[in-house]
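The sequence shown runs 0 to 350 under numbering that gives the first Met the number 0.
In what follows, a single structure is set out as structure tokens and then discussed.
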Amino acid sequence: MPLIDPTDLTFNGEEARTLQDAIIESSFNNPAVADLMTVYDEIITKKQIPFLGRLSKITKKDAGCGTGILSKNIPMTEKFWEPENVKIWLDMCAQELDGSFFVYLRRNGIDRDNLEGTEIASYIVETMSEAASEDLLRIIWFNDKAAANISGGGVIKNGVSLTDYNIINGIWKQIFAAVAIDPARRTAISENALATKAAQLVLAPSKALTTFQAMVAGSDSRLIESPDKIIIATRTLVENYATYLESQGADASFVRIENGYVTLRYRDIMIFGYNFWDRTIQADFDNGTTYDLPHRALLTTAANIAVGYDLSSDVGVVEAWYEKMTEKMNFRGKYRVDAKMMQEYMFQAAY
Numbered sequence: 000m001p002l003i004d005p006t007d008l009t010f011n012g013e014e015a016r017t018l019q020d021a022i023i024e025s026s027f028n029n030p031a032v033a034d035l036m037t038v039y040d041e042i043i044t045k046k047q048i049p050f051l052g053r054l055s056k057i058t059k060k061d062a063g064c065g066t067g068i069l070s071k072n073i074p075m076t077e078k079f080w081e082p083e084n085v086k087i088w089l090d091m092c093a094q095e096l097d098g099s100f101f102v103y104l105r106r107n108g109i110d111r112d113n114l115e116g117t118e119i120a121s122y123i124v125e126t127m128s129e130a131a132s133e134d135l136l137r138i139i140w141f142n143d144k145a146a147a148n149i150s151g152g153g154v155i156k157n158g159v160s161l162t163d164y165n166i167i168n169g170i171w172k173q174i175f176a177a178v179a180i181d182p183a184r185r186t187a188i189s190e191n192a193l194a195t196k197a198a199q200l201v202l203a204p205s206k207a208l209t210t211f212q213a214m215v216a217g218s219d220s221r222l223i224e225s226p227d228k229i230i231i232a233t234r235t236l237v238e239n240y241a242t243y244l245e246s247q248g249a250d251a252s253f254v255r256i257e258n259g260y261v262t263l264r265y266r267d268i269m270i271f272g273y274n275f276w277d278r279t280i281q282a283d284f285d286n287g288t289t290y291d292l293p294h295r296a297l298l299t300t301a302a303n304i305a306v307g308y309d310l311s312s313d314v315g316v317v318e319a320w321y322e323k324m325t326e327k328m329n330f331r332g333k334y335r336v337d338a339k340m341m342q343e344y345m346f347q348a349a350y
């Protein structure tokens with residue numbers, strides 16, 4: 000499949016001659032990883048993450064000289080970074096551009112197949128960088144090494160490539176695993192279990208409010224005491240909360256609309272409406288009748304959601320070069336990545 004297919008357009012040799020003549024589809028404004036998570040560099044291979052616990056109940060009544068020695072130990076647990084290599088690589092033959100207005104953007108003569116430094120190459124690099132950034136969020140949040148399509152007993156829509164979803168075990172996979180061990184870490188959203196997509200998407204008028212209330216009430220006290228706790232939620236829940244506030248005569252103006260999310264507050268907690276979750280679930284987690292958990296929220300801290308790279312500054316970087324032997328332009332990026340929910344007691348999930 001050509002990277003740019005002239006048959007998608009009707010070309011008569013005159014109308015458009017530059018990219019300025021084209022209307023480029025708006026990209027989604029996704030949040031940067033560092034906005035809601037903590038980034039670690041130099042995660043190159045499997046690496047231990049040790050967790051040291053706390054001592055407690057070591058003070059006793061003095062029973063006299065030479066007595067009262069306690070047997071205690073500092074509890075320790077561990078996790079491991081297990082970064083996976085990812086690659087972005089597309090190539091194209093410049094002759095693909097013949098028959099479209101892109102032909103005017105090529106060089107002439109012996110260099111006509113070399114697109115290095117051209118407007119075409121810059122456009123492709125920019126487009127790939129945007130796509131790679133969205134891919135990264137999909138990997139961090141929704142990947143599952145055991146991912147399967149609906150026909151294989153999984154939750155991924157049939158026809159969606161599993162290679163988009165099986166690179167690492169992402170944050171939601173880790174949340175589900177933690178909840179299986181400790182069900183108290185979950186707050187249920189009843190609408191997720193309804194029988195049709197249309198029914199699922201109709202939330203009760205105060206559903207977001209009662210969900211946030213239940214999340215706070217069910218959370219570990221160490222999370223509630225954290226001054227930098229946040230709630231990340233699907234846009235469905237945030238819009239429902241805004242509508243509820245307006246019904247009560249409160250100002251539901253979004254505090255900020257930028258970087259791919261909107262924000263409101265519940266008590267002293269900042270809520271981030273994460274439209275990327277909604278788009279991903281409704282596009283790819285669809286069995287034809289229902290969505291897989293279309294309403295989700297996560298109460299945690301940015302420090303508790305960790306993303307590790309070998310070199311974070313190379314994420315989204317795309318190199319472009321012309322290969323004379325193949326007479327093709329190449330566009331490529333590489334990095335290593337893994338994601339970790341650091342401590343299970345430091346999250347409360349709703350779904």
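Note that the Cβ used here is the ideal one computed from N, Cα and C, for glycine as well.
Per-residue DSSP class, three states only, for residue i
i, result
"residue 284", "coil"
"residue 317", "coil"
"residue 188", "coil"
"residue 247", "coil"
"residue 337", "strand"
"residue 89", "strand"
"residue 164", "coil"
"residue 108", "helix"
"residue 126", "helix"
"residue 350", "coil"
"residue 297", "strand"
"residue 201", "coil"
"residue 133", "helix"
"residue 343", "helix"
"residue 279", "helix"
"residue 12", "Confidence at residue 12 is low in this model, with a pLDDT of 49, below 50, so its placement is unreliable and no value can be given for it."
"residue 116", "coil"
"residue 22", "Residue placement at residue 22 is poorly supported in this model, since its pLDDT is 42, which falls under 50; the coordinates still yield a value, given next. DSSP places residue 22 in coil when its eight states are reduced to three."
Pair within 8 Å by beta-carbon distance, residue i and residue j
i, j, result
"residue 277", "residue 154", "no"
"residue 336", "residue 167", "yes"
"residue 319", "residue 330", "yes"
"residue 296", "residue 236", "yes"
"residue 207", "residue 243", "yes"
"residue 172", "residue 284", "no"
Identity of the residues DSSP links to residue i by a beta bridge
i, result
"residue 50", "76"
"residue 354", "Since the first residue of the chain shown is 0 and the last is 350, residue 354 is not available in this structure."
"residue 308", "336"
"residue 268", "265"
"residue 155", "148"
"residue 273", "260"
"residue 322", "327"
"residue 37", "305"
Close beta carbons around residue i, own chain, < 6 Å, minus the five adjacent residues each side
i, result
"residue 75", "51"
"residue 46", "80"
"residue 32", "306"
"residue 214", "186, 298, 347 and 349"
"residue 77", "47 and 49"
"residue 265", "211"
"residue 271", "231, 260 and 262"
Cβ shell of residue i (< 8 Å), same chain only, five flanking positions each side left out
i, result
"residue 342", "50 and 303"
"residue 222", "228, 298, 299, 300, 344, 345, 346 and 347"
"residue 246", "204"
Any non-hydrogen atom of the ligand SAM closer than 7 Å to residue i Cβ
i, result
"residue 292", "Ligands in the displayed structure: none, and consequently the ligand SAM is not present."
Cβ-based neighbour list, residue i, same chain, cut-off 7 Å, excluding 5 preceding and 5 following
i, result
"residue 93", "105, 111, 112, 114 and 328"
"residue 268", "228, 229 and 230"
"residue 170", "139, 140, 304, 338 and 340"
"residue 184", "177, 178, 343, 346, 347 and 348"
"residue 40", "308, 310 and 311"
- Continuous alpha helix (DSSP H) assignments of at least 4 residues falling wholly in the region 207–241: Within the region 207–241, the runs of alpha helix (DSSP H) at least 4 residues long that lie entirely inside it are, in chain order, 220–223.
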